[in-house]
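Asker: Residue numbers (this note's numbering), protein chains in the order written: chain L, -13 to 99; chain R, 17 to 129.
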């Protein structure tokens, strides 16, 4: 079946602009995670959605970052007033339930000029 | 705080030269340990989940083992196509909480023909 998809695959933006990154999880997966991966660094947890529960936002680095998940499926990560330090690969993962194996999308490479 | 340390950071092998990657972890209670493979420009690809000390899993030339403090990913007679970054992650048992995994920084493996 179809895996996790993310769009766009690449995004180049200017400092101060807002960007939206999209994630389509595997159908039927109730848990969805966003991570950030910078060069030479591990995966940094950003936010986690599980079913209809309130999201765990404990990993968001600042209030410029927000995310929503509509209808328990598609998720959008929004970064407002982008900064150069926001440049990274943003990865989305979904799992059947919250303690299950995560399956990752291909990522969105964000470059802030 | 959960911690995951992977070693070595980088490993170069000749084709056919077997070796092991290490993942040391500290976690209050282990729910699961995950191994992923990540190719350049792609999202992590799931390899194995281990749940309890003494457990072993195999897939082609890869074998993962688990103790109470560390996990090893053994690569037997590697081929150039095994070249990738291998990521380890631990998921803790949190009473009533979420299951957000902690990832290591990975081991970059290059297998020369």
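For each residue, glycine too, the CB sits at the ideal point set by N, CA and C. Predicted, not measured: the structure shown is a model, and the values here were computed from it.
(1) In its own chain, which residues sit with a C-beta less than 6 Å from the C-beta of residue 51 of chain L, not counting the 5 before and 5 after it?
(2) Only counting the same chain, and skipping five residues up and downstream in sequence, which positions put a Cβ closer than 8 Å to that of residue 126 of chain R?
(3) Does the beta-carbon distance from residue 20 of chain L to residue 29 of chain L come in below 7 Å?
(4) Looking only at its chain, what residues have a beta carbon closer than 8 Å to the beta carbon of residue 69 of chain R, apart from the 5 residues adjacent to it on each side?
(5) With the cut-off set at 7 Å, would you say residue 106 of chain R and residue 41 of chain R are in Cβ contact?
(6) Can you find a heavy atom of the ligand SAH that lies under 6 Å from the Cβ of residue 74 of chain R?
(7) Identify the contact partners of residue 62 of chain R in chain L, using a Cβ-Cβ distance below 9 Å as the criterion.
(8) What would DSSP say about residue 70 of chain L, mapped onto helix, strand or coil?
(9) Can you tell which of R/78, R/59 and R/122 has its C-alpha closest to the C-alpha of residue 90 of chain L?
Answerer: With the given structure in hand:
(1) In the first chain, the residue the question calls residue 51 of chain L occupies position 65. The answer, listed in chain order, is 65.
(2) Residue numbering aside, residue 126 of chain R sits at position 110 when the second chain is read from its first letter. So the list reads 26, 27, 28, 29 and 99, once near-sequence residues are dropped.
(3) Numbered from its first residue, the first chain carries residue 20 of chain L at position 34. Numbered from its first residue, the first chain carries residue 29 of chain L at position 43. No, these two residues do not count as a Cβ contact at 7 Å.
(4) Stepping through the second chain from its first residue, residue 69 of chain R is reached at position 53. Answer for residue 69 of chain R: 82, 83 and 84, listed in chain order.
(5) Counting from 1 along the second chain, the entry for residue 106 of chain R is found at position 90. Counting from 1 along the second chain, the entry for residue 41 of chain R is found at position 25. In this structure, residue 41 of chain R lies closer than 7 Å to residue 106 of chain R by Cβ.
(6) Among the components modelled here there is no ligand, and therefore nothing to report on the ligand SAH.
(7) Residue numbering aside, residue 62 of chain R sits at position 46 when the second chain is read from its first letter. Those are 87, 88, 89 and 90, listed as they occur along chain L.
(8) Translated into the one-based positions of the first chain, residue 70 of chain L becomes position 84. Shown here, residue 70 of chain L sits in a helix according to DSSP, grouped into three states.
(9) The residue labelled residue 90 of chain L in the question sits at position 104 within the first chain. Ranking R/78, R/59 and R/122 by Cα distance to residue 90 of chain L puts R/59 first.
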